[in-house]
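Data block below; observations after.
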Amino acid sequence: MKNTKKLVLAALFAALACAATMAIRIPTFGTGGYIHPGDAVVILSGIFLGPVYGGLAAGIGSAMADLLGGYFLYVPITFLIKGAIGLLTGKVFQALKSKGKPAWMGVAAGGIFDILLVVGGYGLCEIFLYGLPAAVGSMFPNLIQGVGGLVLSMLLYPLLAAIPEFSYMAGTSRRHK
Numbered sequence: 017m018k019n020t021k022k023l024v025l026a027a028l029f030a031a032l033a034c035a036a037t038m039a040i041r042i043p044t045f046g047t048g049g050y051i052h053p054g055d056a057v058v059i060l061s062g063i064f065l066g067p068v069y070g071g072l073a074a075g076i077g078s079a080m081a082d083l084l085g086g087y088f089l090y091v092p093i094t095f096l097i098k099g100a101i102g103l104l105t106g107k108v109f110q111a112l113k114s115k116g117k118p119a120w121m122g123v124a125a126g127g128i129f130d131i132l133l134v135v136g137g138y139g140l141c142e143i144f145l146y147g148l149p150a151a152v153g154s155m156f157p158n159l160i161q162g163v164g165g166l167v168l169s170m171l172l173y174p175l176l177a178a179i180p181e182f183s184y185m186a187g188t189s190r191r192h193k
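Every position in the sequence shown, counted from 1, becomes a number in our numbering once 16 is added.
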């Protein structure tokens, strides 16, 4: 039963990542990209679903936003980068939790992974796609997006953690059903 619930929550987080990425788009000048709140859902996917399910939900949901939004070239890149963020966030959150560290530290670590992988990962890919000047031009907007994902995930985590099912899935609940 737990795997079925986790699968359903993974589908929910993938849909939320897609919707949050597509719903609010702030265009960035010179890059053709946009800033969005979807990174917060990517971070929270890893936290509430763990590394495997969280990484898949983050990667699939974010890649679907690129696919549906017409950014076809970015679909595999986004799947890998956002999936890696969800995976790493889940691993670090679980490791910190097992050492008795407060949950906010795991959320913050996920935000830092997001910043590093979004800025570095997309920057590296864009060097090959568009050249160094365009890649450098995309780094500041990607930094803003990453910081926004960090802040928003820190704000949303306590709200979602207050929901018993989410708390249970993150392993921060004492419930044993």
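All C-beta atoms in this analysis are idealised placements derived from N, C-alpha and C, irrespective of residue type, glycine included.
Keep in mind the model is a prediction, meaning the values are calculated, not measured.
Pull up the CB-CB distance for residue i and residue j, whole angstroms please, since I reckon it's below 8 Å.
i, j, result
"V91", "A79", "5 Å"
"L126", "S169", "The question names Leu, but residue 126 is Gly in the sequence shown. Indeed they touch by this definition, with Cβ atoms about 7 Å apart."
"V108", "G85", "Wrong, their Cβ atoms sit about 29 Å apart, outside the cutoff."
"L103", "G62", "7 Å"
"G165", "D130", "5 Å"
"A73", "A26", "4 Å"
Count the other CB atoms, across all protein chains shown, that sit within 10 Å of the CB of residue i; report buried if there are 16 or more and exposed otherwise.
i, result
"F64", "buried"
"T20", "exposed"
"L175", "exposed"
"F156", "exposed"
"F29", "buried"
"V135", "buried"
"F88", "exposed"
"I40", "exposed"
"A178", "exposed"
"I42", "exposed"
"L133", "buried"
"A111", "exposed"
"G116", "exposed"
"G147", "exposed"
"G77", "buried"
"G48", "exposed"
Between the options, which has its C-alpha nearest residue i's C-alpha?
i, options, result
"I128", "F95, A151, G162 and L112", "G162"
"G54", "A177, N158 and G136", "N158"
"A124", "L32, L172, G75 and D82", "L172"
"C34", "T94, P149 and G48", "T94"
"I160", "K18, A119 and H52", "H52"
"K22", "L148, Y50, M38 and G71", "G71"
"V167", "G77, W120 and P149", "W120"
"K113", "D82, L32 and G66", "G66"
"A81", "Y50, M38 and A151", "M38"
"A151", "T44, L83 and L32", "T44"
Look up residue i in the DSSP assignment and give the residues it is bridged to.
i, result
"Y50", "P43"
Between the segment 169 to 184 and the segment 141 to 152, can you find at least three pairs of beta-carbon atoms closer than 8 Å? No, the segment 141 to 152 is not in contact with the segment 169 to 184.
Is it the case that the segment 58 to 70 contacts the segment 82 to 102, given that we only count it when at least three CB pairs across the two stretches are under 8 Å? Taking 8 Å as the limit for Cβ pairs, the verdict is that the segment 58 to 70 does touch the segment 82 to 102.
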